[in-house]
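Heads up: the protein sequence lines correspond to chains A, B, C and D, in order.
Under my numbering, think of the first position of the first sequence as 225, with each following residue one higher.
Under my numbering, think of the first position of the second sequence as 225, with each following residue one higher.
Under my numbering, think of the first position of the third sequence as 225, with each following residue one higher.
Under my numbering, think of the first position of the fourth sequence as 225, with each following residue one higher.
Report on one structure; see the data block that follows.
4 protein chains.
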Amino acid sequence: MPITDTQKEELSDLETQVGPTRRDSSPGLEEVLYKAFPVLDHGFVRVIDYMGNDNAIVQAARVSYGKGTKKVSEDRGLIHYLLRHSHTTPFEMCEIKFHIKLPFFVARQWIRHRTANVNEYSARYSILDKEYYIPSPEHLAAQSAINKQGRGDSLSPAASQEIIEQLRKESEHLYAQYEKLLNEDNQGNSLDSEKEGIARELARTTLSLNFYTQMYWKIDLHNLMHFLALRADPHAQYEIRVYADIMLDLLKRWVPLTYEAFIQYRKEGARFSQNGLKTLKTLLKGTPVTQEESGMTKREWQEFSEMLDLTR
Amino acid sequence: MPITDTQKEELSDLETQVGPTRRDSSPGLEEVLYKAFPVLDHGFVRVIDYMGNDNAIVQAARVSYGKGTKKVSEDRGLIHYLLRHSHTTPFEMCEIKFHIKLPFFVARQWIRHRTANVNEYSARYSILDKEYYIPSPEHLAAQSAINKQGRGDSLSPAASQEIIEQLRKESEHLYAQYEKLLNEDNQGNSLDSEKEGIARELARTTLSLNFYTQMYWKIDLHNLMHFLALRADPHAQYEIRVYADIMLDLLKRWVPLTYEAFIQYRKEGARFSQNGLKTLKTLLKGTPVTQEESGMTKREWQEFSEMLDLTR
Amino acid sequence: MPITDTQKEELSDLETQVGPTRRDSSPGLEEVLYKAFPVLDHGFVRVIDYMGNDNAIVQAARVSYGKGTKKVSEDRGLIHYLLRHSHTTPFEMCEIKFHIKLPFFVARQWIRHRTANVNEYSARYSILDKEYYIPSPEHLAAQSAINKQGRGDSLSPAASQEIIEQLRKESEHLYAQYEKLLNEDNQGNSLDSEKEGIARELARTTLSLNFYTQMYWKIDLHNLMHFLALRADPHAQYEIRVYADIMLDLLKRWVPLTYEAFIQYRKEGARFSQNGLKTLKTLLKGTPVTQEESGMTKREWQEFSEMLDLTR
Amino acid sequence: MPITDTQKEELSDLETQVGPTRRDSSPGLEEVLYKAFPVLDHGFVRVIDYMGNDNAIVQAARVSYGKGTKKVSEDRGLIHYLLRHSHTTPFEMCEIKFHIKLPFFVARQWIRHRTANVNEYSARYSILDKEYYIPSPEHLAAQSAINKQGRGDSLSPAASQEIIEQLRKESEHLYAQYEKLLNEDNQGNSLDSEKEGIARELARTTLSLNFYTQMYWKIDLHNLMHFLALRADPHAQYEIRVYADIMLDLLKRWVPLTYEAFIQYRKEGARFSQNGLKTLKTLLKGTPVTQEESGMTKREWQEFSEMLDLTR
């Protein structure tokens, strides 16, 4: 299932094809269209199709705001303005379609973003390939350390290595069992003609959540930015963040002006509460404020201080 | 507002431009891209952008059903199969964007289809043009006759003509008043420099529902077919149906195989109730069934008989 | 159409009824259930039904976060935490249903919030009542002043009064014409038995956007807060803001803890861009920053300064 | 995780509580509120909350259709009419919230219904219990036979039993390994104080898709019927169908009139294509039609014949 043969044929036809269109294009994205960017040990992200570019956003905004937007002399300013003021509908006018290969447990998080269209490989009808995710030793240790929140030592390199060997052995064993239950290999050939296999829809339930699936995923630019704001973020699990990070690069290629505004107003910006804002005003007047006076909880105070480099 | 000058410039740039793309195209739709198809007295529908074609549906289905779909030897069969069995997600993989000019009262019906993206001209910020919808005498008479459901005579040609004159006079009057309230014309020039105009957001509230607005409307193919099934239908109001009829032609250009399946399985198909199905089975065995025996109400029985040409 | 007789009967049955339920309730909202809160000159907002309360949010969060949330010792803290960190799904577990009477032009803005359910009165099938919105002289003047953005004097009281008289006269005229076109009154009685009226679906198109319609509107708590954040805001048009303001009070009655968090983290909080945040850090270190150095545009700098009371 | 202790407390408080409300209730659903209906070997479905009943649908329809609906003399007729003619918005006015325990592979299918709200137990933060799904021997054999589509013999009882033993052994093994990787039990107690465990978010990826999760799932009545039409259907996988079947009973308790209409017009009704309808008309006139003449494919012809009991 890395990519099926049928897909490969179709995609290589597409990759070599360059045709004329009267549609507007995104030169940056055209360069990498269909290209599979590797993620994790067996996954990938590739852009399969798209509609619109920065111009499409400007155009849509001008339908809405009519002649009034003539004043906004240039596209960059308008796009920044729209994002700053959460006028999100013009961004919905662009659409992108990805082909993604990812472990089940990542797909389960991914799919929680409901305002998108999905076609996932169905293990009810087809046989999954022997591809499973095994974390690298560094990430195994790092994630464990973060999750313990400093309550313990990190895993030693030796301990990490041992666990990884075990994970690999287990996944191999599960796949062997899967084939035996099906009594067919992933080409659909019977393994033991004397025996009956069980239904594919049941056999798949014995595989673990680190096995890979793949899907087509289509989303508009506004909702994509929402996805990226949540998933290309240190709070997201490492295994979904690496996908989001690559998609952030693809965003930059597709709609460079929007990307710039996204970084400025969403990704690297910050939100303050009513108490945070009041505290800021006082501090800026040169008056010190304590956590108690601020009305914030200890945790909020800490987050506030970190955001503003107030801790030393 | 027929199309603003800014839009005209942008669009004529786009219309003459033909560029290379590695994306798959729809030759039938490329031919009419950006072309405004007139609707009613001042409205239009034009396709501004699109993503995907019949191939994209087949491709998405093959991701889902994997190797299993190899058996379905050809695309036409697969698309028919998907639509017949309501496997709708592959159709969500195609997207289309329209630019539509339409009266307010049509826009109000249109917008009830929520699974779409919209950018509408804002009369809060911009001034509406003097464009309003007046029905033709035939439609005025025809719609009124239907609505009376045979309870009265049709409007006479003379009566229709008289009403139409009155509608036109009234709309002209409302627009003149609108300009006076704004104290500016639609180029933003002050009319009477001695006076103050009222806010655009308030002045617009005095215009009637037959004035024209315009919008960009983007929707996926699955939801477009749902829209067309409801609106390109005799039960829909004439003034929205004429838009849907043109979009049905555009559907045929864009995705000819899907169009064919849509006509076959949705538009010209029929749904029967449990009682209807039971009655059909009995009738096909050669046994007559009365309305009372069928379990259907009189109205259902009539609908049932009409669908099957059983009335004479 | 203030409220139809059928509705009145049904609602008065409901209002007097108190029945037992095993569902959890919101005592604050029960007190005002079905009560119509007047808005503008003929509009209202009333809560017709609801599901869930602050407890429901806590419960849903605990399903998600499992035993881990035991540590969050109390509900208030958990709700604040969820809203601060944009964990929005637990708020989707509460639902509310409103009955709203509002002018067409307000309904047109309202309906742009797509993640909600709507049943609107249909003037295709029924006759609209003679109810239209006329701004008060103060709001007429105030909105016009704001929209002119200081480019002119306010309307004088005399000018406002004159305009209002004219608006009223015009609306009366339009309704009289509507009845004449229909050739029936709003009880469905024929006015002139010698003549034919035109279809309701066409007659309605002659009424202006300040006439009233009504709808049932159902939305989950997360999306309601999004609506209120945009519409109970000084940038929103006055005529929709007054509805949102009342709904904000209803929010407080329904889910008091969530209301508190909403005010703290959304409504009265503020978002800063990457440049804004960088500027804040520098200022807090005691180093002055100019607009040019900040990387912000003049307009952003002004917004930044106003948010932080930095202007004098 | 069958139900956490915190949940048990909360739910038992709720179950014994009966309070007054001015909201309309559904007596049939109140009787079983909070009750867990067992599904599969460890799963359940329970209704946690709801809003509205058959009356709410009628009320909403009357807002839409105004005085016109007075003619529809009774609620039953109106609800049947609405469903027959796909006037779906009034059904969106009712909402229901379920608490569901189900295997991962069922949850993955479930979640594809996007127009719903979900809070799922997070194994990123909490530890999963030792609960996994093992099919019964009959279903293992039955599902496998269907999937082979007559291409082989069924599994023998002995073969089924053997496979089931193996599945159970494997799941036990995976859970033991999960605990060892975590180095804690599901109360959060450390197992081996000398060792470090790995992060919960990684350990969970080693469990197989037959392990149980749980979620709160909230949906409106229209979308629930769509879910049930697809999932309480012979084409759905057995393991999701058993959930849907129970929810169908809950639908009957909640909105008995809607349930009746749903069975009549959706569940037990049938849809015919354009060719099917044409063939029906010819057959009803007494003229025989062959598959070739019908324009249907062999497979369509077979489906057509089966629906109408035309095969012998």
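From the three backbone atoms N, C-alpha and C, an ideal C-beta is built for every residue, glycine too.
These numbers come from a predicted model, not from an experiment.
Going along the chain, which residues of its own chain have a beta-carbon closer than 8 Å to the beta-carbon of residue i, five neighbours each way excluded?
| i | result |
| --- | --- |
| T293 of chain B | With a pLDDT of 47 at T293 of chain B, under the threshold of 50, the modelled position of that residue is not reliable, and no figure is offered here. |
Look at the alpha carbon of residue i and the alpha carbon of residue j, and state the distance between them as a whole number of angstroms.
| i | j | result |
| --- | --- | --- |
| Q373 of chain C | S288 of chain A | Unreliable placement is indicated for Q373 of chain C, whose pLDDT of 49 sits below 50; the coordinate value is still reported in the next sentence. Distance between the alpha carbons of Q373 of chain C and S288 of chain A: 20 Å. |
| S380 of chain C | L448 of chain B | 50 Å |
| A369 of chain B | S378 of chain B | 5 Å |
| I470 of chain D | Q283 of chain C | 24 Å |
| T245 of chain B | P251 of chain B | 13 Å |
| R455 of chain D | L504 of chain D | 29 Å |
| L364 of chain A | V479 of chain D | 51 Å |
| Y258 of chain C | D248 of chain C | 18 Å |
| N277 of chain B | L253 of chain B | 10 Å |
| R270 of chain C | P359 of chain C | 22 Å |
| S310 of chain C | A453 of chain A | 11 Å |
| V262 of chain D | E396 of chain D | What sits at residue 262 of chain D in the sequence shown is Pro, not Val. Straight-line Cα distance between these residues: approximately 22 Å. |
Cβ closer than 8 Å: which chain A residues qualify as neighbours of residue i?
| i | result |
| --- | --- |
| G493 of chain B | Chain A residues near G493 of chain B: none, gap ~25 Å exceeds 8 Å. |
| S432 of chain D | L398, T429, T430, L431, S432 and L433 |
From the beta carbon of residue i, is the nearest beta carbon of chain D less than 8 Å away?
| i | result |
| --- | --- |
| T420 of chain A | According to the sequence provided, residue 420 of chain A is Glu. The question's Thr does not apply to it. Yes, E420 of chain A lies at the interface with chain D (some Cβ there is under 8 Å from its Cβ). |
| M275 of chain C | yes |
| Q498 of chain B | yes |
| G374 of chain A | Note on G374 of chain A: pLDDT 45, under 50, position unreliable in the model; no value is reported. |
| R523 of chain A | no |
For residue i and chain C, any beta-carbon pair shorter than 8 Å?
| i | result |
| --- | --- |
| R465 of chain B | no |
| P327 of chain B | yes |
| S249 of chain D | yes |
| V296 of chain A | Summary for V296 of chain A: the model assigns pLDDT 46, below 50, so the residue's position carries little reliability, and this model does not support an answer. |
For residue i, decide whether its Cβ has a neighbour in chain A, counting only Cβ atoms nearer than 8 Å.
| i | result |
| --- | --- |
| N407 of chain C | no |
| K259 of chain B | no |
| L426 of chain C | no |
| G292 of chain C | A caution first: G292 of chain C carries a pLDDT of 47, below 50, which makes its placement in the model unreliable, though a value can still be read off. Judged by the 8 Å Cβ criterion, G292 of chain C is not in contact with chain A. |
| T482 of chain B | no |
| L475 of chain C | no |
| I351 of chain D | no |
| S368 of chain D | yes |
| A468 of chain D | no |
Going by beta carbon distance, what residues of the same chain come within less than 6 Å of residue i, once the five residues before and after it are set aside?
| i | result |
| --- | --- |
| E517 of chain B | none |
| Q333 of chain C | I464 |
| Q438 of chain D | K325 and Y345 |
| A280 of chain B | M317 and C318 |
Give the interface partners of residue i over in chain B, defined as CB-CB distance under 9 Å, in chain order.
| i | result |
| --- | --- |
| I487 of chain D | Q498 |
| L364 of chain C | I422, A423 and L426 |
Taking residue i as the query, report the chain C residues whose CB atoms sit under 8 Å from its CB, ordered along the chain.
| i | result |
| --- | --- |
| I387 of chain B | L405 and I422 |
Who are the neighbours of residue i on chain D, taking C-beta pairs under 7 Å?
| i | result |
| --- | --- |
| Q401 of chain A | E394 |
| I324 of chain A | The contacting residues do not exist; I324 of chain A stays about 16 Å from chain D at best. |
Starting from residue i, find everything on chain A with Cβ-Cβ shorter than 7 Å and list it in chain order.
| i | result |
| --- | --- |
| L445 of chain C | Those within 7 Å of L445 of chain C in chain A number zero; the least Cβ separation is about 17 Å. |
| V166 of chain B | Outside the modelled stretch of chain B, which goes from 225 to 536, sits residue 166 of chain B, for which no answer is possible. |
Just the chain D side, please: which residues come within less than 9 Å of residue i by C-beta, in chain order?
| i | result |
| --- | --- |
| D533 of chain B | K505, L508 and K509 |
Under 9 Å Cβ-Cβ, which residues of chain C neighbour residue i?
| i | result |
| --- | --- |
| L501 of chain A | E492, G493, A494, M531 and L532 |
Any beta-carbon of chain B closer than 8 Å to the one on residue i?
| i | result |
| --- | --- |
| Q461 of chain C | yes |
| L307 of chain C | no |
Between the region 352-362 of chain B and the region 411-419 of chain B, can you find at least three pairs of beta-carbon atoms closer than 8 Å? Taking one beta carbon from each stretch, the region 411-419 of chain B and the region 352-362 of chain B have fewer than 3 pairs nearer than 8 Å; the two do not touch.
Quick test of the definition: if touching needs 3 or more C-beta pairs under 8 Å, does the region 315-335 of chain D touch the region 439-459 of chain D? yes
Pair every Cβ in the region 489-506 of chain A with every Cβ in the region 489-507 of chain C, then say whether three or more of these pairs are closer than 8 Å. yes
Cβ pair count under 8 Å reaching 3, the region 326-344 of chain D against the region 419-429 of chain D: no
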